[in-house]
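Here's the structure, in structure tokens; my notes come after.
In this note's numbering, the protein residues as written are -18 to 277.
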């Protein structure tokens, strides 16, 4: 089996690494904070001292980091993956970043004979823990075929979309649908509350009809119970909406719904709620509706 390196052990990366270990892979890990490293080392992962040190020991490097600049620094920067990489290796970037950045990584690594895939994920912390993530992949077909068994240790719905950057374009599309659905569920449950109707029963009824969605199931429950510990932080979703809007500008496509929900996210972040789950959007609607909120 390939030796795997994993860089970025946050809410998503830590359980993804655990699933690779459970699948029998040898995994070398690196993270800026040490807490996750200690926990995974006790499960059999091998700590490294830098991204370069990770690449020197493995066949495939996986990155799962917050934003484009983070990925560029880890892969192309000083002591980065590219300095320890050798011909015949592969990078699988599972972060959510700009498609242009994915193409930049692909070009830089290709010059060293290193394959590169952009493979962002959807499914949140629950999907990461259960190994049921949806993974959307951009890059060469042969590289995808090589990576597929590795990806199957972390996800279930794995689709090769197209050339480098195509996975990130798909993730931008995903984030539009998720953001606007979170907004729709927040509006619907706030309307029910404002009208004096039981929101839990409204959700139950909607789950049996055409309005059914994973967002209504999971986030609707969080909204009703006021549980906003982050499965996916609001400020990270707002970062993703920057990618969405920038990608739209690059192809001269106005994304009106995306622009609106990004502004609503900005309002919550300005109130110090960026670290909450994105389901916290319901708090803003309750405030606008003059409702007493117990969700802060």
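From the three backbone atoms N, C-alpha and C, an ideal C-beta is built for every residue, glycine too.
| Check | Outcome |
| --- | --- |
| What are the start and end residues of the alpha helix (DSSP H) that includes residue 208? | Premise fails: residue 208 is in no alpha helix (DSSP H) and is neither H nor E. |
| Can you tell me which of 191, 228, 209 puts its alpha carbon nearest to the alpha carbon of residue 79? | 228 |
| Contact between the segment 115 to 127 and the segment 49 to 65 is defined here as three or more beta-carbon pairs at a separation below 8 angstroms; is this criterion met? | no |
| Start and end of the alpha helix (DSSP H) containing residue 106? | 105 to 111 |
| Counting C-beta neighbours from all protein chains within 10 Å, is the total for residue 184 16 or more, i.e. buried, or is it exposed? | buried |
| Count the other CB atoms, across all protein chains shown, that sit within 10 Å of the CB of residue 45; report buried if there are 16 or more and exposed otherwise. | buried |
| Do the CB positions of residue 29 and residue 10 come within less than 8 angstroms of each other? | yes |
| What does the Cβ neighbour count give for residue 191, buried or exposed, with the cut at 16 atoms within 10 Å? | exposed |
| Just checking: is the beta-carbon of residue 107 within a distance shorter than 8 angstroms of some beta-carbon in chain D? | Looking at the structure shown, chain D is missing, and only one protein chain is on hand. |
| Which of the three DSSP states, helix, strand or coil, is assigned to residue 41? | strand |
| Can you give me the C-alpha to C-alpha distance between residue 71 and residue 98, rounded to a whole angstrom? | 8 angstroms |
| Who pairs with residue 98 in a beta bridge, going by DSSP? | 73 |
| Going by beta carbon distance, what residues of the same chain come within less than 7 angstroms of residue 105, once the five residues before and after it are set aside? | 212, 213 |
| In whole angstroms, what is the alpha-carbon distance linking residue 255 and residue 89? | 34 angstroms |
| How big is the Cα-Cα spacing for residue 277 and residue 171? | Low local confidence applies: a pLDDT of 49 at residue 277 is under 50, so the model's placement there is unreliable, and no value is given. |
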